[in-house]
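In full-length UniProt numbering, the protein residues as written are 1 to 692.
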Amino acid sequence: MNAPVRSLSDPVRFVKGVGPAREALLARLGIRSAGDLLFLFPARYEDRRNLAPLSSLRGGETVSVAARVAAFERRKTARKGLSVITALISDGMTMARAVWFNRVGLEKVLLPGVRVLFFGRVDVRGGAVQLTNPDFEILDEDGDEEKSLAIVPVYPTTAGLSQKALRRMTGSALEDFLPSLGEFLPDDLRSRLRLPGVAESVRQLHYPESREKWKAARNRLAFDEFFLLQTGLAVRRSLAGDTASPAPSLPPGRLVAECLENRLPFTLTDGQKKAVEDIFADMARVVPMNRLLQGDVGSGKTVVALLGLLAAMDGGCQGAFLAPTEILARQHYLRLAPMIEALGGRCALLTGSLPAREKAEIQKGLESGEISVAIGTHALLSEKTAFARMGIAIVDEQHRFGVLQKHAFRSKGESPHVLVMTATPIPRTLTLTVYGDLAVSVINELPPGRKPVETRAVPPKKIPGLLSFLGERMKAGERVYWICPLIEESETLDLAAAEARFAELRERFSPLGAGLLHGRLPNGEKENVMDGFQRGDISLLVSTTVVEVGVDVPEATIMVVEDAVRFGLSQLHQLRGRVGRGTGESWCFLICSPSSQEARERIGAFCATSDGFAIAEADLRLRGPGEVCGVRQSGVTDFRVADLIRDRDILETARREAFSLVAKDPGLLSCPELKDRLYTTLGRSLNLVETA
Ligand code: ADP
Ligand code: MG
Numbered sequence: 001m002n003a004p005v006r007s008l009s010d011p012v013r014f015v016k017g018v019g020p021a022r023e024a025l026l027a028r029l030g031i032r033s034a035g036d037l038l039f040l041f042p043a044r045y046e047d048r049r050n051l052a053p054l055s056s057l058r059g060g061e062t063v064s065v066a067a068r069v070a071a072f073e074r075r076k077t078a079r080k081g082l083s084v085i086t087a088l089i090s091d092g093m094t095m096a097r098a099v100w101f102n103r104v105g106l107e108k109v110l111l112p113g114v115r116v117l118f119f120g121r122v123d124v125r126g127g128a129v130q131l132t133n134p135d136f137e138i139l140d141e142d143g144d145e146e147k148s149l150a151i152v153p154v155y156p157t158t159a160g161l162s163q164k165a166l167r168r169m170t171g172s173a174l175e176d177f178l179p180s181l182g183e184f185l186p187d188d189l190r191s192r193l194r195l196p197g198v199a200e201s202v203r204q205l206h207y208p209e210s211r212e213k214w215k216a217a218r219n220r221l222a223f224d225e226f227f228l229l230q231t232g233l234a235v236r237r238s239l240a241g242d243t244a245s246p247a248p249s250l251p252p253g254r255l256v257a258e259c260l261e262n263r264l265p266f267t268l269t270d271g272q273k274k275a276v277e278d279i280f281a282d283m284a285r286v287v288p289m290n291r292l293l294q295g296d297v298g299s300g301k302t303v304v305a306l307l308g309l310l311a312a313m314d315g316g317c318q319g320a321f322l323a324p325t326e327i328l329a330r331q332h333y334l335r336l337a338p339m340i341e342a343l344g345g346r347c348a349l350l351t352g353s354l355p356a357r358e359k360a361e362i363q364k365g366l367e368s369g370e371i372s373v374a375i376g377t378h379a380l381l382s383e384k385t386a387f388a389r390m391g392i393a394i395v396d397e398q399h400r401f402g403v404l405q406k407h408a409f410r411s412k413g414e415s416p417h418v419l420v421m422t423a424t425p426i427p428r429t430l431t432l433t434v435y436g437d438l439a440v441s442v443i444n445e446l447p448p449g450r451k452p453v454e455t456r457a458v459p460p461k462k463i464p465g466l467l468s469f470l471g472e473r474m475k476a477g478e479r480v481y482w483i484c485p486l487i488e489e490s491e492t493l494d495l496a497a498a499e500a501r502f503a504e505l506r507e508r509f510s511p512l513g514a515g516l517l518h519g520r521l522p523n524g525e526k527e528n529v530m531d532g533f534q535r536g537d538i539s540l541l542v543s544t545t546v547v548e549v550g551v552d553v554p555e556a557t558i559m560v561v562e563d564a565v566r567f568g569l570s571q572l573h574q575l576r577g578r579v580g581r582g583t584g585e586s587w588c589f590l591i592c593s594p595s596s597q598e599a600r601e602r603i604g605a606f607c608a609t610s611d612g613f614a615i616a617e618a619d620l621r622l623r624g625p626g627e628v629c630g631v632r633q634s635g636v637t638d639f640r641v642a643d644l645i646r647d648r649d650i651l652e653t654a655r656r657e658a659f660s661l662v663a664k665d666p667g668l669l670s671c672p673e674l675k676d677r678l679y680t681t682l683g684r685s686l687n688l689v690e691t692a
């Protein structure tokens, strides 16, 4: 009989030992194909290489022992529902007990007389040693425990899927499917960089033979992940280079000059000037601009965006400015529209909550070209929104949008210049990884006169003191944000918590105005509250995180965040960035009863620094890249092996190799296996279209 033809893309149920129930459990781990299972790598390993005699066991250690089952007993305890299973075991010299709780089916395998290899923790109970909840494996009678005495993989798993089951499944995947994993790196590259073979590396990651072999295998697989992505980016760029239509050349003209000379209430900082120069230089060319503007919260990115919009208008084109929340879109509109209109342009605000008729009217104006600038939210991405001649597309707070949304936005124009803005500094490893060829401008200073925000952790027992402080500052005319805890699972609970807090605080500070802001307020109401806070009729704004990004009320000097440990560091940094925008002193209070040592350290470190870059790096470590740069769910940064921070060198090498390969051979004709692997793994997420 011929062996069946197997492919890594076979559904995972083709792997021996995977039935419908396990197939569903594996799907929860994101494993759908046999190849996925091969690439499910251990989170850690257990070293079972040293067999200990039972007589040598000491409490607290983790050991492997080979022993025979002498007796077996299942017992219900007084506590309802708890059953204790005890096996008396012996290695011929010494007796000991192995104990499990609430395990079913053990009696069928742990028959008296059977030889078993146990692995687990040793406890001392009533003077006798016992193994608590040990893993075990039935040994052959001939006493061949050698092969079980290995470094054993411990996989990331999900409820209902035991390590034992996983080991068996990955084991059969290794046996039956690993041979179908062919080498795809070009030979010369592999020998130059001294990388072990791919199949061998996968095997080493599951069952390492030594630390050195494991490390070489891991680095090889990390290299693969970066290299495939970089090759994909390089191919995409070379395809785009062939087909992209030229962008309109839009050098700055009269409107830009007029704005810079007469309309701005301040002079640009050097950082802003440099960013504007970069952007103007890009926009003057017919290669579409693809630039990231990075500037910490409060560094003044909006005015840079304005100048980009005006340059587009100078060249007879339209501009579009996308923001993640209605509050922010409206704020940009209120700021920028008067300047744009004073210079003779027409500016419109396009958001989801507009009445259908108004929306349609604005869309008509954009399509005809009558409206020169559109500022808005996701409504800008709607199919019904089209532009006559989009010259520049600007995305504010870019990490809040997915890659596909950004793609939809730029495709509203024929070949517009694109500027994405962010306050979350994106480490270079990440920009390289995700964007490949994005140019970056950095505004590395704040406007003059800003003082750092005093940041303090406040334990709950000190809240009364905090409240009196808030009262004093508000009486002196300052404004306060109070952010309510974030309860992700339930918006309703979230809301209830915010409403209760609002009622309490309003009463406490009763003669002063207080307002409540959250995403579910009816249309018009959100605007009223925001305007009231802007004008100062409202001194205390109780809010959910809808004010997290972008909101700019320079008179606000105090930010209070409840239950601060629930927020990511970048999020806290954004919230803190809502204050300290004027020249006065300002504060950020993080209310928290840090439950764990780790949380305490995290908050402590945050209080001590205002460096957004350091915070973003820390966040990247803690939460992964998807959150930090807005590619969540896109599959692009879901590395199984590679680590964006630790593997910086590998990334640089992979990028260099990938780009030089594609420069020589854009169609990857010399390495069909690589091409094949690239398209099966990343073709869809990178939007690579197979060309003939
Ligand atoms: P962000 O970079 O966080 O988007 P904004 O564009 O909202 O920052 O600007 C923050 C505040 O700083 C605004 O009130 C803005 O008017 C002000 N601002 C911007 N640039 C300057 C400058 N060069 N000098 C003084 N104030 C400025
Ligand atoms: Mg902003």
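Glycine is no exception: its CB is placed at the ideal position from the N, C-alpha and C atoms. For clarity, every value in this text was computed on a predicted model and none was experimentally measured.
For residue j and residue i, the rounded distance between their alpha carbons
| i | j | result |
| --- | --- | --- |
| residue 73 | residue 95 | 15 Å |
| residue 505 | residue 458 | 17 Å |
| residue 606 | residue 440 | 26 Å |
| residue 9 | residue 568 | 37 Å |
| residue 485 | residue 562 | 5 Å |
| residue 640 | residue 438 | 25 Å |
| residue 300 | residue 26 | 47 Å |
| residue 7 | residue 99 | 42 Å |
| residue 17 | residue 23 | 10 Å |
| residue 151 | residue 614 | 37 Å |
| residue 677 | residue 410 | 29 Å |
| residue 351 | residue 277 | 31 Å |
| residue 533 | residue 413 | 37 Å |
| residue 583 | residue 448 | 8 Å |
| residue 195 | residue 219 | 8 Å |
| residue 421 | residue 279 | 12 Å |
| residue 612 | residue 396 | 17 Å |
| residue 288 | residue 158 | 46 Å |
Assigned exposure category for residue i - 16 Cβ within 10 Å defines buried
| i | result |
| --- | --- |
| residue 356 | exposed |
| residue 518 | buried |
| residue 57 | buried |
| residue 591 | buried |
| residue 111 | exposed |
| residue 693 | Absent from the structure is residue 693, since the part of the chain shown begins at 1 and ends at 692. |
| residue 235 | buried |
| residue 510 | exposed |
Proximity below 7 Å, CB of residue i to CB of residue j
| i | j | result |
| --- | --- | --- |
| residue 538 | residue 513 | yes |
| residue 523 | residue 418 | no |
| residue 558 | residue 662 | no |
| residue 271 | residue 445 | yes |
| residue 320 | residue 380 | yes |
| residue 172 | residue 15 | yes |
| residue 374 | residue 348 | yes |
| residue 227 | residue 658 | yes |
| residue 498 | residue 544 | yes |
| residue 221 | residue 191 | no |
| residue 313 | residue 368 | no |
| residue 575 | residue 548 | yes |
| residue 655 | residue 298 | no |
Residue range of the unbroken beta strand (DSSP E) whose run includes residue i
| i | result |
| --- | --- |
| residue 86 | 83-90 |
| residue 589 | 587-591 |
| residue 601 | It is not in any beta strand (DSSP E) - residue 601 instead sits in the alpha helix (DSSP H) that spans 597-608. |
Residue span of the alpha helix (DSSP H) that contains residue i, given as start and end
| i | result |
| --- | --- |
| residue 27 | 20-28 |
| residue 276 | 270-284 |
| residue 336 | 326-342 |
| residue 471 | 463-475 |
| residue 169 | 163-176 |
contact_flag[the segment 112-123, the segment 48-62] where n(CB pairs < 8 Å) is 3 or more
Output reads yes: the segment 48-62 touches the segment 112-123.
So, does the segment 294-314 touch the segment 324-343, judging by three or more C-beta pairs under 8 Å?
As far as the Cβ criterion goes, the segment 294-314 touches the segment 324-343, which means the pair count is three or higher.
Decide yes or no for the touch test of the segment 468-481 against the segment 310-327: beta carbon pairs closer than 8 Å, at least 3 of them.
The segment 468-481, when compared against the segment 310-327, does not touch it at the 8 Å Cβ threshold.
How about the segment 164-179 and the segment 27-41: do they share at least three Cβ pairs that are nearer than 8 Å?
Yes, since at least three Cβ pairs between the segment 164-179 and the segment 27-41 fall closer than 8 Å, the two stretches touch.
For the segment 281-288 against the segment 347-362, are there 3 or more C-beta pairs whose distance is under 8 Å?
Per the Cβ contact rule, the segment 281-288 is not in contact with the segment 347-362 (fewer than 3 Cβ pairs under 8 Å).
Can we say the segment 172-184 touches the segment 194-211, given the rule of at least three CB pairs closer than 8 Å?
Touching, yes.
Inter-stretch contact at 8 Å, needing at least 3 Cβ pairs: the segment 98-110 / the segment 74-84:
Yes, since at least three Cβ pairs between the segment 98-110 and the segment 74-84 fall closer than 8 Å, the two stretches touch.
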